[in-house]
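Novice: Heads up: the sequence shown runs through residues 1 to 343, numbered per this note's numbering.
Ideal Cβ placement from N, Cα and C applies to all residues, glycine included.
My structure is below; once you've seen it, I'll send some questions.
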Amino acid sequence: MMGAILRRWRELVIFGTVAAGIIYWFSWHWKPFTQNAFVFADTRPVSPPVAGFITEIHVRNNQFVRKGDPLFTVFREPYRLDRAALENEVRAKQAELLALQAEIRSLDAEIRRCRAELANDRYLSDRAKKMYGAEAVSQAYAEERLRAREASEAKVDAVRHRTDALKYRCRQTEAQIAALQHRLELSGILLELTVVRAMADGWVTNLTLTPGGCYKPGDVLCGFIASGSWRVQANFKESELSEIAEGMSAKIWLRQYPGKLYRGVVESTGWGAERRTMSRETGLPAVRRENEWFLLPQRFPVQIRILNPDQGCQLHHGASAYVEIDTPARPVRQFFWELFLWH
């Protein structure tokens, strides 16, 4: 009798344990849920846009800055002198252009005088030709007036060509002035960029600079974490991915703040996860030997925007998170899928 009771109790304990496990599993799989998630924000490397050595550092490591606040200063003097030299070149070219324009005005006056002389020589030449026909003047005089007319015509053409040449030089000088003004504008931009400023509100991180170091564009000097928007990357199993769509609401819990619930919305779902590998020695594809008993499902990243970040509970880039999507996950299908197709 006692043995039958013990066997009955063992059966109840086993049944209760299995039932509790199934209930626990269903409670966590009723909706898509993952603990493989982390918080992230917009980040960017901070590098100097111009070359030179650092003269001033205006912030300290992990300091919060506002958009436009200066972070550090690159040696400004070479860029200031370059801008001043270009300003002098522009003024010199502008003076050269004024001189050319004055010379053109002088030639315009000269060409008017030459045209007046040409009109007079044409009149005298035509008159001499008629008088020669009437035998009132000699042939030599008529030819002399014709040569004077031709000389005046050549002089008018020469002055006109000189004027055209000066006009072309004016156009060339104007183009040179425009090019110099563009270079001057660029030099002003470079001079302004010697003071590296924050591109958004956020935190300066991993700052280990000291004045005196020489850097060039592209050299990463520190990191920057923007505070404008916070998101979570939740890596969901491929078996749950078909139930997740953009615009769905989500619940987020952070290890950093236990018990605090954050709300979020699904922004996008990753379209791929790299699994291919290649042997460096042979160039052939490397195929891993999977465990025949346990085949882990592939995970894909789902990006979720946090809707209610709390200023009193500061978020940290890379913090661990738990995410649940507010949509049914077909737990019965998932249970039998993982129960019978787990290998």
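To the nearest angstrom, how far is the alpha carbon of Ser364 from that of Ala51?
Specialist: The chain is shown only over 1 to 343; residue 364 falls outside these bounds and no answer can be derived.
Novice: Have a look at Ser152 and Ser125 and give me their C-alpha separation to the nearest angstrom.
Specialist: Taking the straight line joining both Cα atoms gives about 11 Å.
Novice: Pairs of beta-carbons, one from the stretch 210 to 219 and one from the stretch 55 to 70, closer than 8 Å: are there three or more?
Specialist: Output reads yes: the stretch 55 to 70 touches the stretch 210 to 219.
Novice: Can you name the start and end residues of the beta strand (DSSP E) that Glu281 belongs to?
Specialist: Here Glu281 belongs to no beta strand (DSSP E), and DSSP marks it neither H nor E.
Novice: Could you give the distance in angstroms between the alpha-carbon of Ala116 and the alpha-carbon of Lys130?
Specialist: 21 Å
Novice: So, using beta-carbon positions, are Leu107 and Arg162 closer together than 8 Å?
Specialist: yes
Novice: In three-state terms, what does DSSP make of Ser138?
Specialist: Judged by DSSP in its simplified three-state form, Ser138 adopts coil rather than helix or strand.
Novice: Using the Cα positions of Asn120 and Ala102, report the straight-line distance between them to the nearest angstrom.
Specialist: One C-alpha to the other measures close to 28 Å.
Novice: Buried or exposed for Trp203, please, with buried defined as at least 16 other CB atoms from any protein chain shown within 10 angstroms of its CB.
Specialist: buried
Novice: DSSP has Ser229 in a bridge; who is on the other side?
Specialist: Note: Ser229 sits in no beta bridge, so no partner.
Novice: Which same chain residues end up closer than 7 Å to Gln314 when comparing Cβ atoms and leaving out the 5 residues on each side of it in sequence?
Specialist: none
Novice: To the nearest angstrom, report how far apart Gly270 and Leu307 are at their CA atoms.
Specialist: 20 Å
Novice: Within 10 angstroms of the Cβ of Lys67, are there 16 or more other Cβ atoms? Answer buried if so, exposed if not.
Specialist: It is exposed - the Cβ of Lys67 has fewer than 16 other Cβ atoms within 10 Å.
Novice: Assign Leu81 to buried or exposed, taking buried as 16 or more other Cβ atoms, counted over all protein chains shown, within 10 Å of its Cβ.
Specialist: exposed
Novice: Figure out for me which residue from Arg83, Phe15, Val196 and Ser138 has the closest Cα to the Cα of Gln181.
Specialist: Arg83
Novice: Using the Cβ count rule (16 or more neighbours within 10 Å means buried), how would you classify Leu284?
Specialist: exposed
Novice: For Phe15, which of helix, strand or coil comes out of DSSP?
Specialist: The answer is helix: DSSP assigns Phe15 an H, G or I state.
Novice: From the DSSP secondary-structure annotation, give me the bridge partner or partners of Glu324.
Specialist: Phe33 and Lys251, per the DSSP bridge assignment.
Novice: If we call anything under 8 Å between Cβ atoms a contact, is Glu42 one with Gly228?
Specialist: According to the sequence provided, residue 42 is Asp. The question's Glu does not apply to it. With respect to the 8 Å criterion, Asp42 and Gly228 are classified as neighbours on the basis of their beta carbons.
Novice: Could you compute how far the alpha carbon of Cys170 sits from the alpha carbon of Val156?
Specialist: 21 Å
Novice: Shortest alpha-carbon distance to Tyr262 belongs to which of Gly272, Ser268 and Ser249?
Specialist: Ser249
Novice: Quick check on the burial criterion: 16 or more other C-beta atoms within 10 angstroms. Buried or exposed for Ile111?
Specialist: buried
Novice: Starting from Ser268, trace the beta strand (DSSP E) both ways and give me its first and last residue.
Specialist: From DSSP, the beta strand (DSSP E) with Ser268 extends over Tyr257 to Thr269.
Novice: Can you name the start and end residues of the alpha helix (DSSP H) that Glu274 belongs to?
Specialist: Annotation: Glu274 is outside any alpha helix (DSSP H) and is labelled neither H nor E by DSSP.
Novice: Suppose contacts are defined by Cβ-Cβ distances below 8 Å. Is Ala37 in contact with Ala321 by that definition?
Specialist: Yes. Within cutoff.
Novice: Suppose you measure from the CA of Lys31 to the CA of His316; what does that come to, to the nearest Å?
Specialist: 26 Å
Novice: Candidates Thr17, Thr205 and Arg149: which alpha carbon is nearest Asn62's?
Specialist: Thr205
Novice: Where does the unbroken beta strand (DSSP E) through Glu243 begin, and where does it stop?
Specialist: In the DSSP annotation of this structure, Glu243 is not part of any beta strand (DSSP E), being labelled neither H nor E.
Novice: Per DSSP, what are the beta-bridge partners of Trp392 in this structure?
Specialist: Outside the displayed span of the chain (1 to 343) sits residue 392, for which this structure offers no information.
Novice: Beta carbon of Pro297, beta carbon of Lys251: below 8 Å?
Specialist: no
Novice: Looking at Tyr79 and Leu166, is the spacing between their C-beta atoms short of 8 Å?
Specialist: no
Novice: Going by DSSP, what residue range makes up the beta strand (DSSP E) through Gln303?
Specialist: Arg299 to Ile306
Novice: In its own chain, which residues sit with a C-beta less than 7 Å from the C-beta of Cys114, not counting the 5 before and 5 after it?
Specialist: Answer for Cys114: Ser152, Lys155, Val156 and Val159, listed in chain order.
Novice: Three-state secondary structure (DSSP) at Lys237?
Specialist: strand
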